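Undergrad:
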Amino acid sequence: MRLSNTSLNIDNDDTVKTLGILWHPASDVFYFKISPLSFEGTLTKRTLLSTISKTFDPLGWLSPITIQYKTIMQRLWKQQLKWDERVPTDIKLEWEQLANDVQFVKDIKIPRFLLVDSDNLFHLFGFSDASERAYAAAIYCRSVSDTGKINVQLIIAKTRVAPLKTVSLPRLELCGALLLVKLMDFTCKALSYPISQAQFYTDSTIVLSWIGSHASRWKTFVANRVAKIQTLSSATQWKRKSCRSCNPWCIIFNFTHFYMVVWSQIFTRNISFSDRLFCSCIE
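Position 86 (the sequence shown) corresponds to 85 in numbering that gives the first Met the number 0; numbering is contiguous.
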């Protein structure tokens, strides 16, 4: 194999687009470009689905946006609206607010490189959470160099809407925990780098109690999920996160303008901001 002396010239404005995600080689960051959600005409289930399908987010970096897409569509299906029937006023207002929040997507810049120079510690921290409407999991890496430099970054997140059949909140929290261990297993296999530590966090003491006991003690719904969680993790890896408000993974369930601003700040390469939020919840 011959080495070429030809250098690769990358213009500062050059970008590469792959499956809807843009990569800026000069700054080595990923970013998104989403078309405005507002449009003329009647808002129907057909037009909503057509607009939603244009957003491609394979790693869940836009989870606070995409989970709202999912919950809106679920509500439309539950109301059994026809494809070209006007959506209810409450959904129309929610969509208009979402259209305003989408503008913050342009501020999100995700560094491609996860590490810092001369890393000697590389930790993965997973967080799960749930509400009556959805549950989610997110995995962060925290790398520390031998000089003390710290980098905290979201790697991947995933969301699911709650089932149409009513399920208790503790059981939804358990579904979130199962989603998390599966996501952590996928992430660990995908990363070709030695991981110093992997930990899981939930704010549900009930879920921690279930995971800390043998699966056979519980009814089928809980037992099946606990058994899978215990296969992919150990009870000693699970901890209770210390706070709920203003945390990166909780932002997924706070569908407000303020939390969308916070979410966009997490990706602006402000490591001290991210690390302060992060550390306040794992202490």
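For glycine and all other residues, C-beta sits at the position ideal for the given N, C-alpha and C.
Values in this document were obtained by computation on a predicted structure and should not be read as measured data.
Considering only the alpha carbon of each residue, which of 40, 120, 59 and 80 lies closest to residue 194?
TA: As a first step, residue 194 must be located in the sequence shown, where it is residue number 195. If we check each option's Cα against that of residue 194, 120 comes out closest.
Undergrad: My output table needs one value for residue 108: the three-state DSSP class, helix, strand or coil.
TA: Along the sequence shown, one-based indexing puts residue 108 at 109. Residue state, collapsed to three classes: strand.
Undergrad: So the candidates are 61, 74, 112 and 173; which of them puts its Cα closest to the Cα of residue 103?
TA: Stepping through the sequence shown from its first residue, residue 103 is reached at position 104. Taking only the C-alpha atoms, the option nearest residue 103 is 61.
Undergrad: Pull up the distance between the alpha-carbon of residue 22 and that of residue 49, whole angstroms please.
TA: Position 23 of the sequence shown, counted from the start, is the residue given in the question as residue 22. Position 50 of the sequence shown, counted from the start, is the residue given in the question as residue 49. For residue 22 and residue 49, the distance between alpha carbons rounds to 25 angstroms.
Undergrad: Is it true that the region 128-140 meets the region 158-167, where meeting means three or more beta-carbon pairs spaced less than 8 angstroms apart?
TA: Yes, they touch.
Undergrad: If the criterion is Cβ atoms closer than 9 angstroms, does the pair residue 29 and residue 110 meet it?
TA: Start at 1 with the first residue of the sequence shown, and residue 29 comes out as number 30. Start at 1 with the first residue of the sequence shown, and residue 110 comes out as number 111. Contact: yes.
Undergrad: Comparing C-alpha positions only, which one of 217, 141 and 131 sits nearest to residue 196?
TA: What you label residue 196 is simply residue 197 of the sequence shown in a count that begins at 1. Checked all of 217, 141 and 131; the closest Cα to residue 196 is 141.
Undergrad: Below 8 angstroms, is the gap between the Cβ of residue 217 and the nearest heavy atom of the ligand ADP?
TA: Of ligands this structure carries none, so the ligand ADP is not represented either.
Undergrad: For residue 124, which option in 45, 43, 183 and 73 has the closest C-alpha, if you only look at C-alpha atoms?
TA: The count along the sequence shown starts at 1 and reaches residue 124 at position 125. When each option's Cα is compared against that of residue 124, the closest is 183.
Undergrad: Residue 59: which of 80, 20, 46 and 96 sits nearest, CA to CA?
TA: Mapped onto the sequence shown, residue 59 falls at position 60. It is 20 whose Cα lies nearest to the Cα of residue 59.
Undergrad: Helix, strand or coil: how does DSSP classify residue 202 here?
TA: Here residue 202 refers to the residue found at position 203 when the sequence shown is read from its first residue. In the structure shown, residue 202 sits in coil (DSSP, three-state: anything other than H, G, I, E or B).
Undergrad: Measure the C-alpha to C-alpha separation of residue 128 and residue 166 and round it to an integer number of angstroms.
TA: Sequence index remark: in the sequence shown, residue 128 carries index 129 (1-based). Sequence index remark: in the sequence shown, residue 166 carries index 167 (1-based). The alpha-carbon atoms of residue 128 and residue 166 are separated by roughly 15 angstroms.
Undergrad: What's the C-alpha gap between residue 257 and residue 178?
TA: Residue numbering aside, residue 257 sits at position 258 when the sequence shown is read from its first letter. Residue numbering aside, residue 178 sits at position 179 when the sequence shown is read from its first letter. The predicted position of residue 257 is uncertain, since its pLDDT is 43 and thus under 50; no value can be drawn from it.
Undergrad: Tell me which residue opens and which closes the alpha helix (DSSP H) that residue 235 is part of.
TA: Your numbering for residue 235 matches position 236 in the sequence shown. Per DSSP, residue 235 belongs to no alpha helix (DSSP H) and is neither H nor E.
Undergrad: Taking a contact to mean a Cβ-Cβ separation below 9 angstroms, would you say residue 163 touches residue 73 in this structure?
TA: Within the sequence shown, the letter at position 164 stands for residue 163. Within the sequence shown, the letter at position 74 stands for residue 73. Yes, Cβ-Cβ distance for residue 163 and residue 73 is below 9 angstroms.
Undergrad: Let me make sure I understand the geometry here. Which of 139, 98 and 200 has the alpha-carbon closest to that of residue 186?
TA: The residue given as residue 186 occupies position 187 in the sequence shown. Closest by alpha carbon: 139.
Undergrad: What residues match up with residue 138 in a beta bridge as DSSP calls it?
TA: Here residue 138 refers to the residue found at position 139 of the sequence shown. According to DSSP, which records beta bridges pairwise, residue 138 is partnered with 125 and 155.
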